[in-house]
Amino acid sequence: MDATPSNGIALVGFDADDTLWRSQDYFDDAQTQFERIVSAYVDLTDIGKQLYECESRNIAIFGYGVKGMVLSMVETAVAITDARITATDIHRIVQMGKDLLRHPVEVLPGVREAVAAIARDLPVVLITKGDLFHQEAKVRDSGLADLFGRIEIVSEKDPTTYARVLREFDIDATQFLMVGNSLRSDIAPVLELGGWGVHVPYHVTWAHEAEGKVDVGIERMRSITGIDQLAAAVAELKALAS
Ligand SMILES: [Mg+2]
50 MDATPSNGIA
60 LVGFDADDTL
70 WRSQDYFDDA
80 QTQFERIVSA
90 YVDLTDIGKQ
100 LYECESRNIA
110 IFGYGVKGMV
120 LSMVETAVAI
130 TDARITATDI
140 HRIVQMGKDL
150 LRHPVEVLPG
160 VREAVAAIAR
170 DLPVVLITKG
180 DLFHQEAKVR
190 DSGLADLFGR
200 IEIVSEKDPT
210 TYARVLREFD
220 IDATQFLMVG
230 NSLRSDIAPV
240 LELGGWGVHV
250 PYHVTWAHEA
260 EGKVDVGIER
270 MRSITGIDQL
280 AAAVAELKAL
290 AS
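If you count the sequence shown from 1, you need to add 49 to reach the numbering used here.
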């Protein structure tokens, strides 16, 4: 899509998982537990890789989130163990998923202040993907819902989805800035549409999100190392956009 001249940033979107609150750490812990369970049956070093391949194949069927991950774990465990995995161990995997869905939401340090500072100046929206129930619960438990004009829980974060959301807001992509930890989901698709991005890397990244790279619009993106630098990055891009 061609970028048309912007009249300035008119809307700021925020990713949620690993941008506003901790998420990937819990998934990584679950994967470590899964590997421990399955390694009692087989002597393999690539259990994590096999799980990731299964999850990647299943995204189009289950979507993102804990429930899809648990089903992929069961499928992988059955395949890797030649169906020898016990019902008890499958139950442990399901229980792990339930624990993941119920873990307390841990808002990252400085996030409330950083979002509030942006929200004083511009409308802000939360755009996140994953299990609908889980994401709704995390938004509620985070105590951050009051900061956002709207909360969009989407099934995929690609240019098509962002274009649809922006149409609903009646905002041109050149007036939209997205803040998030994933180049693949938060930054690249928005830049591709002609928008702006602030990348805030998290200390761990799911392999799927780590596959992302920015091919276009890099001059419309800033990378920061902490959320305390967000206001300055947004101000800089805002000046460029107007
Ligand atoms: Mg994220």
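Here a beta-carbon is modelled for each residue, glycine too, at the ideal position from N, C-alpha and C.
Q | Pocket of ligand 1 defined by Cβ to heavy atom distance under 6 Å | A | One residue list follows from the rule of a beta carbon closer than 6 Å to any heavy atom of ligand 1, given in chain order as Asp64, Asp66, Asp67, Thr68, Gly229, Asn230, Ser231.
Q) Using the C-alpha atoms, what's the distance from leucine 242 back to alanine 52? A) Residue placement at alanine 52 is poorly supported in this model, since its pLDDT is 49, which falls under 50; the coordinates are not used for a value here.
Q. Cα separation between glycine 229 and arginine 216?
A. Their Cα atoms are separated by approximately 21 Å.
Q: Please determine if the stretch 161-173 and the stretch 88-100 are in contact, where contact requires at least 3 C-beta pairs separated by less than 8 Å.
A: With the cut-off at 8 Å, the stretch 161-173 and the stretch 88-100 do not touch.
(Q) Taking the beta carbon of histidine 183 as the centre, do at least 16 other beta carbons fall within 10 Å, making it buried, or is it exposed? (A) Flag for histidine 183 reads buried.
Q: Would you give the residue range spanned by the beta strand (DSSP E) that glycine 146 belongs to?
A: Segment 136-151 is the alpha helix (DSSP H) holding glycine 146; no beta strand (DSSP E) there.
Q: Could you check if glutamate 102 is buried or exposed, using at least 16 other CB atoms within 10 Å of its CB as the buried criterion?
A: It counts as exposed.
Q. At what residues does the beta strand (DSSP E) containing phenylalanine 4 begin and finish?
A. Since the first residue of the chain shown is 50 and the last is 291, residue 4 is not available in this structure.
**Q.** Best match in Lys206, Tyr90, Leu60, Gln82 for proximity to glycine 112 [C-alpha to C-alpha]
**A.** Considering only Lys206, Tyr90, Leu60, Gln82, the residue with the shortest C-alpha distance to glycine 112 is Lys206.
Q.
What does the alpha-carbon distance come out to for the pair glycine 192 and alanine 136?
A. Glycine 192 and alanine 136: Cα-Cα distance of roughly 38 Å.
Q | For tyrosine 75 and tryptophan 255, the rounded distance between their alpha carbons | A | Their backbone Cα atoms lie some 11 Å apart in a straight line.
**Q.** Residues near isoleucine 236 in its chain [Cβ-Cβ closer than 7 Å; skip 5 each side]
**A.** For isoleucine 236, where only same-chain residues beyond five positions count, the Cβ hits under 7 Å are Met227, Gly229, Gly246, His248, Val263, Met270.
Q. Going straight from the alpha carbon of glycine 117 to that of proline 208, what length do you get?
A. For glycine 117 and proline 208, the distance between alpha carbons rounds to 23 Å.
(Q) Could you check whether the Cβ of isoleucine 167 sits closer than 6 Å to any heavy atom belonging to ligand 2? (A) With respect to small molecules bound, the structure shown includes ligand 1 and not ligand 2.
Q | valine 91 burial status per 10 Å Cβ neighbour count (16 or more: buried) | A | By the neighbour-count rule (16 or more Cβ atoms within 10 Å), valine 91 is not buried but exposed.
Q. Would you report the Cα separation of leucine 175 and histidine 257, rounded to the nearest angstrom?
A. Approximately 21 Å, taken between the alpha carbons.
Q.
Helix, strand or coil for leucine 60? Go by DSSP, reduced to three states.
A. Strand.
Q) What residues in its chain sit with their C-beta under 6 Å from that of serine 121, if we drop five residues either side in the sequence? A) Here the set comprises Cys103, Glu104, Asn107.
(Q) Can you list, in chain order, the residues of its chain with a C-beta nearer than 7 Å to that of proline 238? Leave out the 5 residues immediately preceding and following it. (A) Answer for proline 238: Lys206, Asp207, Pro208, Tyr211, listed in chain order.
Q: Would you list the residues sitting across from glycine 246 in a DSSP beta bridge?
A: For glycine 246, the beta-bridge partners assigned by DSSP are Met227, Met270.
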